[in-house]
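Here's the structure, in structure tokens; my notes come after.
In the working numbering, the protein residues as written are 113 to 323.
Next up, the structure:
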């Protein structure tokens, strides 16, 4: 907002004053928005820790269940059951917004299935394979929760950084420049007023001398 030389008039001063008020208003809004986003970020950080811990535990259980199934049934039988139970993952997305931050919210249902709805011949599949399938379906749900929470966390974190940059520009560049130009105009107007008073006194003095 560096306008170079400023015409030292009262109108110029009033225009700069209006810009200063608008900039201070924008600064207040940015600070309020950043504070709200920061509160949300801290809340999401707690969720991220919980979902990440849950994912790690679920992955451990799923890996152990798979190892047991492979040990008892062999790779070919486990792979055959896995092939028969393939499907599209029922996940949908909807756009959400928080203080202007847009993000995609994932929704899903029916990821963890009952043993008789996985597509393979139910009586021919042992319990260890059912258990492994169930644990990996739970792990998939846990992955989706982590992705949803951490995506939102990154989006809001990036928006906080952007708001901070804008606040810094207003505080360190725009507002100081406006106020410096306003001070320069005031000094010029005061100097002009002193000169006008001096000329008026001199004019009155000359008229008095003529009389």
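Backbone N, C-alpha and C fix where the C-beta goes; we use that ideal spot for every residue, glycine too. These numbers were taken from a predicted model, which means no experiment stands behind them.
_For residue 303, the three-state DSSP class (helix, strand or coil)_ = helix
_My assumption, with CB atoms under 8 Å, is that residue 275 sits in contact with residue 149. Please give the rounded CB distance._
7 Å
_Run of the alpha helix (DSSP H) containing residue 273, from where it starts to where it stops_ = 239 to 281
*Please list, in chain order, all residues of the same chain as residue 160 whose beta carbon is under 8 Å from its beta carbon, the five residues on each side excluded.*
258, 261, 262 and 265
*Nearest neighbour of residue 182, chosen from 299, 243 and 128 [CA to CA]*: 243
*With a 10 Å radius around its C-beta and 16 neighbouring C-beta atoms as the bar for buried, classify residue 205 as buried or exposed.*
exposed
*Taking Cβ positions, are residue 237 and residue 193 nearer each other than 8 Å?*
yes
*Hey, quick one: how far does the alpha helix (DSSP H) through residue 176 stretch, first residue to last?*
122 to 185
*Just the Cα atoms here: how many angstroms apart are residue 138 and residue 284?*
14 Å
*Which of helix, strand or coil DSSP assigns to residue 217*: strand
_Considering only the alpha carbon of each residue, which of 219, 245, 214 and 163 lies closest to residue 174?_
245
*On a CA-only basis, which of 229, 176 and 153 is nearest residue 210? Give me that one, please.*
153
_C-alpha distance - residue 125 paired with residue 277, whole-angstrom precision_ = 28 Å
*Measure the alpha-carbon distance for residue 147 versus residue 130 and round it to whole angstroms.*
26 Å
_Taking the alpha-carbon of residue 168 as reference, which of 213, 228, 208 and 252 has the nearest alpha-carbon?_
252
*Does the distance from the CB of residue 287 to the CB of residue 128 come in under 8 Å?*
no
_Less than 8 Å between the beta carbons of residue 250 and residue 163, yes or no?_
no
_Helix, strand or coil at residue 116 according to DSSP, with G and I counted as helix_ = Here the model assigns residue 116 a pLDDT of 46, short of 50, so the residue's position is not dependable, and the following value carries that caveat. Residue state, collapsed to three classes: coil.
*Do the CB positions of residue 185 and residue 226 come within less than 8 Å of each other?*
no
*With DSSP run on the structure shown, which of helix, strand or coil describes residue 190?*
helix
*Whose CA, out of 301, 196 and 214, lies closest to the CA of residue 230?*
196
_Closest by C-alpha distance to residue 190, when choosing among 202, 294 and 233_ = 233
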